[in-house]
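So the protein sequences, as listed, match chains A and B.
Residue numbers for the first sequence, in the numbering used here: 1 to 406.
Residue numbers for the second sequence, in the numbering used here: 407 to 694.
Cβ atoms here follow ideal geometry from the backbone N, Cα and C, with glycine treated the same way.
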Amino acid sequence: MSSFFVKKIGKSGLLILVALFLVAPASSGQAAEKIVTIGAPLPLTGPLSPEGQKQVQGYDLWAEAANKAGGVKVGNERYQVKIVYNDYQSNTPRAVQLAEKLITEDKVNFLFSPFGSGATKAASGVSEKYGVPTIAATASSEEVYNQGYKYLFGTFTPNPTLTEPLSDIVKEKVPNVKKVAILARNDLFPLAIAQCMDASAKKRGFNVVFFEKYAIGTMDHASALTQIRGAQPEWIFATGYINDLIFIRKQMGDLKVSAPVVTMIAGPAYKEFVDAAGPLAENVTSASWWHPAVRYKGQDVFKSTENYNKMFQAKYGFIPDYAQASASSVGAIFQLAIEKAGTLDRKKVRDTLASMDVLTFWGQVRFGSNGQIDSLKPPVFQIQKGTQVVIYPPEIAQAKLQVGVK
Amino acid sequence: MLYLQVLVNGLVLGGLYTCIAVGFSLVWGVLNIINILHGTFVVIGSYAAYFAYLKLGIHPFLSIPIAAAILFVLAYLFQSGVINKVVAAPVLTTLTLTFGLDLFLNNLLIIAFKADYRKVTLKNPLGVLDLAGITIPVDKLAAMVLALLLTGLLFWVLNASRTGRAIVAVRMDREAAALMGVKVRKIYALTFAIGAVMAGAAGSLISLIYPISPLNSFMFLGKAFIICVLGGLGSVSGAMVGGLALGVLESFGALAFGPEHAVTLSFIILILFLLFRPMGIMGKRGYD
Numbered sequence: 001m002s003s004f005f006v007k008k009i010g011k012s013g014l015l016i017l018v019a020l021f022l023v024a025p026a027s028s029g030q031a032a033e034k035i036v037t038i039g040a041p042l043p044l045t046g047p048l049s050p051e052g053q054k055q056v057q058g059y060d061l062w063a064e065a066a067n068k069a070g071g072v073k074v075g076n077e078r079y080q081v082k083i084v085y086n087d088y089q090s091n092t093p094r095a096v097q098l099a100e101k102l103i104t105e106d107k108v109n110f111l112f113s114p115f116g117s118g119a120t121k122a123a124s125g126v127s128e129k130y131g132v133p134t135i136a137a138t139a140s141s142e143e144v145y146n147q148g149y150k151y152l153f154g155t156f157t158p159n160p161t162l163t164e165p166l167s168d169i170v171k172e173k174v175p176n177v178k179k180v181a182i183l184a185r186n187d188l189f190p191l192a193i194a195q196c197m198d199a200s201a202k203k204r205g206f207n208v209v210f211f212e213k214y215a216i217g218t219m220d221h222a223s224a225l226t227q228i229r230g231a232q233p234e235w236i237f238a239t240g241y242i243n244d245l246i247f248i249r250k251q252m253g254d255l256k257v258s259a260p261v262v263t264m265i266a267g268p269a270y271k272e273f274v275d276a277a278g279p280l281a282e283n284v285t286s287a288s289w290w291h292p293a294v295r296y297k298g299q300d301v302f303k304s305t306e307n308y309n310k311m312f313q314a315k316y317g318f319i320p321d322y323a324q325a326s327a328s329s330v331g332a333i334f335q336l337a338i339e340k341a342g343t344l345d346r347k348k349v350r351d352t353l354a355s356m357d358v359l360t361f362w363g364q365v366r367f368g369s370n371g372q373i374d375s376l377k378p379p380v381f382q383i384q385k386g387t388q389v390v391i392y393p394p395e396i397a398q399a400k401l402q403v404g405v406k
Numbered sequence: 407m408l409y410l411q412v413l414v415n416g417l418v419l420g421g422l423y424t425c426i427a428v429g430f431s432l433v434w435g436v437l438n439i440i441n442i443l444h445g446t447f448v449v450i451g452s453y454a455a456y457f458a459y460l461k462l463g464i465h466p467f468l469s470i471p472i473a474a475a476i477l478f479v480l481a482y483l484f485q486s487g488v489i490n491k492v493v494a495a496p497v498l499t500t501l502t503l504t505f506g507l508d509l510f511l512n513n514l515l516i517i518a519f520k521a522d523y524r525k526v527t528l529k530n531p532l533g534v535l536d537l538a539g540i541t542i543p544v545d546k547l548a549a550m551v552l553a554l555l556l557t558g559l560l561f562w563v564l565n566a567s568r569t570g571r572a573i574v575a576v577r578m579d580r581e582a583a584a585l586m587g588v589k590v591r592k593i594y595a596l597t598f599a600i601g602a603v604m605a606g607a608a609g610s611l612i613s614l615i616y617p618i619s620p621l622n623s624f625m626f627l628g629k630a631f632i633i634c635v636l637g638g639l640g641s642v643s644g645a646m647v648g649g650l651a652l653g654v655l656e657s658f659g660a661l662a663f664g665p666e667h668a669v670t671l672s673f674i675i676l677i678l679f680l681l682f683r684p685m686g687i688m689g690k691r692g693y694d
């Protein structure tokens with residue numbers, strides 16, 4: 001068979017074939033070079049791993065959407081997206097090391113921040129040093145952005161943008177609220193948002209009758225909740241991460257602690273909170289930077305919030321929350337910036353990001369002079385009949401605030 | 407009234423702490439092994455209860471035997487297959503070994519079940535008892551009663567059965583027990599498995615109360631550690647006294663110094679006990 005084949009096409013033909021084989025990998029190698037890489041140091045294991053996994057889901061969906069649409073357009077060429085994940089094991093110093101490794105060893109073009117305000121702040125010095133544009137998907141505290149850095153951007157608005165509208169709604173809709181009790185996890189974001197709540201409440205003449213912190217890893221909130229019950233507040237505001245808040249809500253039920261308004265941040269935005277807390281989740285209010293019920297028509301690869309939800313659900317089988325959406329949005333924002341700049345040059349992409357003012361599925365994206373987004377109106381929502389429904393802003397509200405949490 | 411409620415909160419919490427700690431204390435006392443795997447064993451017990459309820463509709467209180475059986479087999483294999491090879495080595499060696507095994511097992515759990523938090527939510531919740539203004543959640547109360555019953559059962563087994571007496575004998579004097587014909591290695595494996603059974607039972611009981619995730623294992627381990635030092639090592643009564651004491655202390659500590667200092671308080675007490683009464687409240691008296 002093979003000798004027949006050789007005779008038929010002749011020696012010169014064979015040479016051409018060999019030459020073709022030699023050339024083929026080289027040309028496909030050239031095609032493979034057209035890749036834009038983004039480094040993502042994430043807590044894939046350890047206590048923050050549930051959050052880390054959400055980031056992966058969001059980033060992967062963006063990379064898949066961008067590549068399916070032909071890749072990122074840089075000038076007249078198309079680049080495939082590749083995300084390089086590194087696990088920092090929920091250990092912040094390791095996140096800083098890995099950010100540096102991603103830049104110097106893996107030679108990534110751009111960087112996504114590690115998870116949360118603390119680790120983002122820690123790693124931001126590295127990307128600044130090397131001049132690598134970095135977008136943070138999950139950092140809201142202003143301390144992250146007031147360092148005078150030029151290469152750091154973030155898609156979460158400052159914490160008061162959550163507590164201010166919440167306080168306005170309660171003041172307006174539940175006039176009998178006079179006393180507020182605040183129970184906060186002693187941790188960077190949960191404590192910062194509790195302090196913002198304290199300020200927002202006092203500004204509106206509410207009386208903050210209880211403000212206590214609990215330690216990370218607390219296994220019993222009964223004493224604090226017994227004290228709250230004694231103080232008889234009309235509004236209970238608890239902060240922490242999902243595990244804490246499920247547990248606090250359960251113990252509130254156990255000790256018959258109830259109030260007209262119960263707000264928890266950040267947990268009720270996650271489906272897991274509603275699943276785990278069951279009927280106790282009913283009427284709990286919260287606020288986050290995004291909600292699947294918002295409706296924006298964007299210029300990004302996802303085109304609209306509805307389409308984003310659809311694509312996410314098709315890939316993962318459930319509805320996204322703000323953590324996954326924010327991760328996808330930072331990818332989409334990078335893509336818009338690169339395409340507008342028409343180059344992968346870090347300085348030019350940075351300048352494009354700084355001057356960006358564009359509508360995306362995440363909302364209007366415009367970064368303030370400190371790099372933090374200042375164009376977003378975070379929604380307030382409430383769990384009603386087992387689902388999160390938006391109650392603010394009015395243009396996307398799905399329901400009215402229900403009073404009474406038993 | 408406030409103080410009475412805080413006391414009740416503390417006692418209910420303490421009952422659960424007892425169940426978490428008693429197996430850990432037994433293994434430490436008899437085998438001289440600080441079993442870092444203990445917290446993960448508790449988590450496995452919780453998962454057994456969670457899936458038994460989700461898939462088969464078995465109430466977590468009734469799935470205790472399932473959790474106990476799974477952990478008995480798992481722990482027996484771990485002990486006879488791996489830990490027994492270094493059981494006579496200094497405590498640091500066994501500590502490091504169980505630490506390594508725990509990393510392995512805990513990460514396996516994360517891969518299998520993810521780090522998401524789950525909770526057993528009963529279709530018909532057990533409700534809340536209201537006794538003259540003192541509120542007691544029935545699930546917690548029942549879990550505490552069952553925890554104390556199981557602890558009592560363990561006490562009875564150690565005192566009244568042949569195997570139990572052999573465990574106590576090994577705890578008191580390994581060489582003498584061996585000379586009396588006790589198969590020490592078998593007793594080691596059995597004790598380790600019984601410790602895990604108690605962890606599994608505790609896991610089942612608390613699945614109704616705490617969110618379930620592999621990440622909680624170190625929290626349980628930390629409590630077990632403090633309780634052993636508080637109550638005294640290796641005795642059922644020590645774990646019970648230590649558990650109840652810690653529950654009440656944490657409750658009143660949170661009231662007096664704020665909840666952020668409740669955990670700090672328990673560790674300060676740990677240090678004070680290590681300095682001034684290292685044998686714990688009950689002392690090191692064994693099981694007689």
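- Under the rule that a run must span 3 or more residues, the beta strand (DSSP E) segments found entirely inside the region 263 to 292 of chain A read 285 to 287.
- DSSP places A136/A within a strand segment (E or B) once states are collapsed to three.
- Within chain B, L408, L661 have C-beta atoms less than 8 Å from the C-beta of Q227/A, given in sequence order.
- Residues of the region 623 to 649 of chain B with a C-beta atom less than 9 Å from some C-beta of chain A are F624, M625, F626, G628, K629, listed in chain order.
- Counting along the chain, the unbroken beta strand (DSSP E) around D87/A starts and ends at 77 to 87.
- N441/B is classed as buried because its beta carbon has at least 16 other beta carbons within 10 Å across all chains shown.
- Contact note: E234/A does not reach chain B at a C-beta cutoff of 8 Å; the least C-beta distance is about 20 Å.
- Taking L419/B as reference, the option from A572/B, I472/B, I489/B, L652/B with the minimal CA-CA separation is L652/B.
- For E212/A, the residues of chain B that pass the 9 Å Cβ criterion are A660, G664, P665, E666, in the order they occur in the chain.
- In this structure, M604/B sits away from G638/B, with a CB-CB distance that is not shorter than 7 Å.
- Beta-bridge annotation (DSSP): T541/B is paired with D536/B.
- Within the same chain, and ignoring the five residues on either side of E142/A in sequence, the residues whose Cβ sits closer than 6 Å to its Cβ are P158.
- Leaving aside the five residues that flank M550/B on each side, the residues in its chain whose CB is nearer than 7 Å to its CB run, in chain order, V418, G421, L422.
- Below the 8 Å Cβ cutoff, chain B contributes L408 as neighbours of G230/A, in chain order.
- When Cβ-Cβ separations below 7 Å define contact, A538/B makes no contact with chain A.
- One Cα belongs to A495/B, the other to I633/B, and the distance between them is close to 25 Å.
- At a cut-off of 7 Å, the C-beta of N530/B has no neighbouring C-beta in chain A.
- Positions of the beta strand (DSSP E) runs, each at least 3 residues long and wholly inside the region 359 to 390 of chain A, are given as 363 to 366, 380 to 384 in order along the chain.
- Residue contact with chain B for F189/A: absent (no Cβ-Cβ distance below 7 Å to any residue of chain B).
- In the structure shown, Y59/A adopts helical secondary structure according to DSSP, grouped into three states.
- Residues E234, P260 of the same chain have their beta carbon placed closer than 8 Å to that of N176/A, with the five preceding and five following residues left out of the count.
- Under the rule that a run must span 4 or more residues, the alpha helix (DSSP H) segments found entirely inside the region 89 to 148 of chain A read 92 to 104, 116 to 130, 142 to 145.
- The region 227 to 243 of chain A makes contact with the region 181 to 189 of chain A: 3 or more CB pairs, one atom from each, lie closer than 8 Å.
- Cβ-Cβ distances below 6 Å link G267/A to I242, L245, F273 in the same chain, with the five nearest sequence neighbours on each side left out; the list follows chain order.
- Taking 7 Å as the threshold, the shortest C-beta distance from S288/A to chain B does not fall below it.
- Listed in chain order, the beta strand (DSSP E) runs fully inside the region 539 to 586 of chain B are 540 to 543, counting runs of at least 3 residues.
- At a Cβ-Cβ threshold of 7 Å, S113/A and Y149/A do not count as neighbours.
- Under a criterion of Cβ atoms nearer than 7 Å, the residues of chain A adjacent to A521/B are, in order, S49, P50.
- The alpha helix (DSSP H) runs lying completely inside the region 469 to 542 of chain B and spanning 4 residues or more are 470 to 487, 497 to 519, given in chain order.
- Scanning chain B for C-beta atoms nearer than 8 Å to the C-beta of K256/A yields V534, D536, T541, reported in chain order.
- Rounded to the nearest whole angstrom, the CA to CA distance from G451/B to P466/B is 10 Å.
- Between the region 79 to 88 of chain A and the region 32 to 48 of chain A there are three or more C-beta pairs closer than 8 Å, enough to call the two in contact.
- A Cβ-Cβ distance of about 31 Å is found for the pair Q335/A and V389/A, leaving them out of contact under the 8 Å criterion.
- Of the residues I600/B, A660/B, Y453/B, the one whose Cα lies closest to the Cα of L515/B is Y453/B.
- In terms of Cβ geometry, G648/B and L636/B form a close pair [threshold 7 Å].
- The beta carbon of V433/B lies closer than 7 Å to those of I439, N441, T597, F598, G601 in the same chain, with the five residues before and after it left out.
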